[in-house]
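Down below is the structure, laid out as structure tokens.
Residue numbers (the working numbering): 413 to 796.
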């Protein structure tokens, strides 16, 4: 059965839109499309006419053309839509009074990818907090979690490691839609915003993105495929290291590597470790690649592509933490933790912000066991 997104639901049921009088803002990006790949701005203009007065964009910009961490987007007047676009990844990540002036409702229509480190849910919760102060309603046009809503993995964020890549105490793979995050924020994180969710019709928690029938459009420049959304759960942690996570290649966040890795020589060791720890559902393929930008730009790297063969068995967070441990203790001694700044944090290690804890880094450094990692992973899980 085809799933109907929140955007489509709004279009198909005119009475939903009748609830919202006054001027409208729309937080969206390149993946805010309908079932025919048409951008949501067209739908919102058809529904609300000239009451659609402002657009807002998250990290990576309105058209997802801006690269990663701390590369900001500008505010500008869209040349075709003739609407002001306010960037919420600019000199500020928190909407200002000027940005919110003259609007009564803000619709949020972002394709999240189900991993805590992805920033769109925090753009939304910052928006909710700002709208609460101004008495502005927030309406989330929900979209499916592309890596399904059943599988949860990774440790809960510890409050002292909160940042723009982790504001709230959720696991790394959190199992929520962006609409569910909004409802959780209101109920459990004390964001006193008037919020409503226009649901996805027909979505079931077991569904992966291809099961929905909704078009996949890249939600950010380095997640070109649905497959990358699954590996991203684990490979994102390499942003906190001196290893490439494949940016600058055509399979970013499916590939990891470093110029000092000899992939075939080290493969036998890695394969034995993964087998010992019964980590399955994927194939680790030795590769060489040359990033065209970012880490190790124009330098040949040895490494591995992670090919997912069984999504139910694949545990990307555990796989990539175990691999990180092995790279850290590689006899070549080339591995290093990336140093600050990272996502506007200047005094904490990026890896600790990504992990939402320093305990995982300590586990890596002391060469801990998988069972010890699982203990860290499960702390607070029942409450979540």
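From the three backbone atoms N, C-alpha and C, an ideal C-beta is built for every residue, glycine too.
8 Å Cβ cutoff met for residue i and residue j
| i | j | result |
| --- | --- | --- |
| residue 630 | residue 476 | yes |
| residue 528 | residue 569 | yes |
| residue 728 | residue 642 | yes |
| residue 717 | residue 766 | no |
| residue 610 | residue 515 | no |
| residue 714 | residue 663 | no |
| residue 583 | residue 604 | no |
| residue 457 | residue 549 | no |
| residue 633 | residue 471 | no |
| residue 439 | residue 468 | yes |
| residue 730 | residue 782 | yes |
| residue 665 | residue 635 | yes |
| residue 495 | residue 522 | no |
| residue 723 | residue 768 | no |
Rounded C-alpha distance that separates residue i from residue j
| i | j | result |
| --- | --- | --- |
| residue 660 | residue 416 | 34 Å |
| residue 557 | residue 599 | 20 Å |
| residue 420 | residue 450 | 11 Å |
| residue 735 | residue 757 | 26 Å |
| residue 539 | residue 762 | 24 Å |
| residue 701 | residue 612 | 39 Å |
| residue 616 | residue 784 | 33 Å |
| residue 672 | residue 618 | 40 Å |
| residue 508 | residue 499 | 11 Å |
| residue 725 | residue 537 | 32 Å |
| residue 743 | residue 698 | 18 Å |
| residue 754 | residue 427 | 44 Å |
| residue 637 | residue 644 | 11 Å |
| residue 434 | residue 533 | 25 Å |
| residue 580 | residue 719 | 30 Å |
| residue 648 | residue 737 | 15 Å |
| residue 764 | residue 572 | 10 Å |
| residue 554 | residue 658 | 30 Å |
| residue 473 | residue 774 | 35 Å |
| residue 704 | residue 459 | 43 Å |
| residue 517 | residue 676 | 56 Å |
| residue 531 | residue 524 | 9 Å |
| residue 777 | residue 739 | 10 Å |
| residue 535 | residue 711 | 35 Å |
| residue 513 | residue 437 | 10 Å |
| residue 520 | residue 585 | 21 Å |
| residue 442 | residue 689 | 39 Å |
| residue 497 | residue 432 | 21 Å |
| residue 447 | residue 614 | 14 Å |
Classification of residue i by the beta-carbon crowding that lies within 10 angstroms, buried from 16 upward
| i | result |
| --- | --- |
| residue 490 | exposed |
| residue 492 | exposed |
| residue 771 | buried |
| residue 395 | For the chain, the structure presents residues 413 to 796; residue 395 sits outside this window and is missing. |
| residue 695 | exposed |
| residue 503 | exposed |
| residue 567 | buried |
| residue 418 | buried |
| residue 482 | exposed |
| residue 488 | exposed |
| residue 444 | buried |
| residue 466 | buried |
| residue 414 | exposed |
| residue 707 | buried |
| residue 670 | buried |
| residue 721 | exposed |
According to DSSP, residues forming a beta bridge with residue i
| i | result |
| --- | --- |
| residue 698 | 716 |
| residue 667 | 717 |
| residue 520 | 439 and 552 |
| residue 608 | 551 |
| residue 565 | 585 |
| residue 499 | 469 |
| residue 445 | 451 |
| residue 416 | 613 |
| residue 488 | 497 |
| residue 575 | 578 |
| residue 749 | 653 |
| residue 757 | 754 |
| residue 527 | 585 |
| residue 464 | 436 |
Contact with chain C by residue i, beta-carbon distance below 8 Å
| i | result |
| --- | --- |
| residue 701 | Protein chains in the displayed structure number just one, and chain C is not present. |
Distance cut-off 7 Å: residue i Cβ against heavy atoms of the ligand HEM
| i | result |
| --- | --- |
| residue 417 | No copy of the ligand HEM occurs in the structure displayed, which carries no ligand at all. |
Discussion item. When you compare the region 729-749 with the region 637-654, are there three or more beta-carbon pairs, one atom per stretch, that lie closer than 8 Å?
Written reply: yes
Discussion item. Contact between the region 788-796 and the region 683-701 is defined here as three or more beta-carbon pairs at a separation below 8 Å; is this criterion met?
Written reply: no
Fill in: Three or more C-beta pairs below 8 Å linking the region 558-565 and the region 575-594
yes
Discussion item. Can you confirm whether the region 567-585 touches the region 541-555 when touching is taken to mean that 3 or more C-beta pairs between the two stretches lie within less than 8 Å?
Written reply: no
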